[in-house]
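Numbering (the working numbering), first residue to last: 523 to 764.
We put the CB at the ideal spot given by N, CA and C, even for glycine.
All of these numbers come straight from a predicted model, not from anything done at the bench.
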Amino acid sequence: MTQNKFPEAEVYEIKKIELKNPIIFAGFVGAGLVGTLSVGHIIEKLKMKEIAYMRSKYLPPSTVFLRGRLRHPFRFYTNDEGTICAIICEITLRMEGLYTIVSSILDWAKEKGSKEIIILDGVASDEHDNKAYCAAEEDLCRVMADKEINMIPQGFITGIPGGILNECLLRDIQGVTLLVKANRIKADPIAALTLLEAVNRMYETNIDTSDLRNEKDQIGQDFEELSLKYAQSREETSGMYM
């Protein structure tokens, strides 16, 4: 497919790196922006390299920049070992074409031999309770309970996180979501910190989270506009309800 045509959806690779059945962490715009904050923090602390981005006619014609740096809004990363990948999307997505984008992500994950996708997300709440929650298959929920990650008894997930988890049920890939209660309107770095501490306990990633606490005010300012965009569109985009 030529680069100057807009496809239905494709993961367009910009670097060829051998991946070794990686686990994949994914973060999308949601409550408190904890998905994008936590996955962005993973990318930074593990010094991951950008290897691809999503091209799709269903993505809004947007790009993002932070502190003057321009970047594609829907990116794929890997660590040097090729054992951990990250997917981050920093724009809100329309419902139209969402399953086409989801299918493209899962096709790429299967091609790379991935057996597990972990979606990091937030639940809109009036206050953060310093707890992490999970939704996964029963056996994995029991393992997570031993790591002080609570199972969500019931609820539903919408938008691209829900689409990915639905598609994982039909494929040979384990879909997991880790969640925290987060601010309804503003970026919530403390909730993202709680989420990453749960990731560290479960996946032994040993990610330093101190910056999220020390720079919480600056993070709130940096992501103020994206927080507003989410607040305006949350009724029709992704979310978790329980």
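For asparagine 705, the enclosing beta strand (DSSP E) starts and ends at 696-705.
Collapsing the DSSP output to three states places valine 645 in a strand. If you draw a 10 Å sphere on the C-beta of lysine 637, you find fewer than 16 other C-beta atoms in it, and that means exposed. In the DSSP assignment, lysine 567 falls within the unbroken alpha helix (DSSP H) covering 556-567.
DSSP, read as helix, strand or coil, puts leucine 541 in coil. With respect to the C-alpha of methionine 576, the residue from Lys703, Lys669, Lys567 and Tyr599 having the closest C-alpha is Tyr599. Restricting attention to Leu718, Pro711, Arg706 and Glu540, the CA atom closest to the CA of leucine 700 is found in Leu718. When the five nearest sequence neighbours on each side are left out, the beta carbons in the same chain lying within less than 7 Å of the beta carbon of leucine 592 are those of Thr585, in order along the chain.
Residue range 571-577 is occupied by the beta strand (DSSP E) that includes lysine 571. Excluding its 5 nearest sequence neighbours in each direction, alanine 654 has C-beta neighbours in its own chain below 8 Å: Glu670, Ile671, Asn672, Leu700, Leu701, Val702, Thr716, Leu717, Glu719 and Ala720, listed in chain order. Counting only the Cα atoms, cysteine 690 lies some 14 Å from glycine 635.
The three-state reading of DSSP puts threonine 680 in strand, counting E and B together. CA-to-CA, the gap between histidine 594 and glycine 604 works out to about 21 Å. Setting aside the 5 residues that flank it on each side, asparagine 652 is surrounded in the same chain by Thr716, each with a C-beta closer than 6 Å to its C-beta; the list follows chain order. One thing to note: leucine 642 has its Cβ no nearer than 8 Å to the Cβ of glycine 554. The stretch 531-550 makes contact with the stretch 609-621; the number of CB pairs closer than 8 Å reaches 3 or more.
Between the C-alpha atoms of glutamate 618 and methionine 666 there is a straight-line separation of about 34 Å. Spatial neighbours of lysine 542 in its own chain (CB-CB distance under 6 Å, excluding positions within 5 residues in sequence) are listed in chain order as Gly604 and Thr605. Closest option to isoleucine 545, judged by alpha-carbon separation, among Ala714, Met724 and Glu530: Met724.
Considering only Ser626, Lys708, Ile565 and Asp602, the residue with the shortest C-alpha distance to glutamate 530 is Ser626. Annotation: tyrosine 580 to serine 732 spans about 37 Å, alpha carbon to alpha carbon.
Comparing alpha-carbon positions, the option among Val556, Leu615 and Thr727 lying closest to proline 582 turns out to be Leu615. Assignment of threonine 727 by DSSP, reduced to helix, strand and coil, places it in the coil class.
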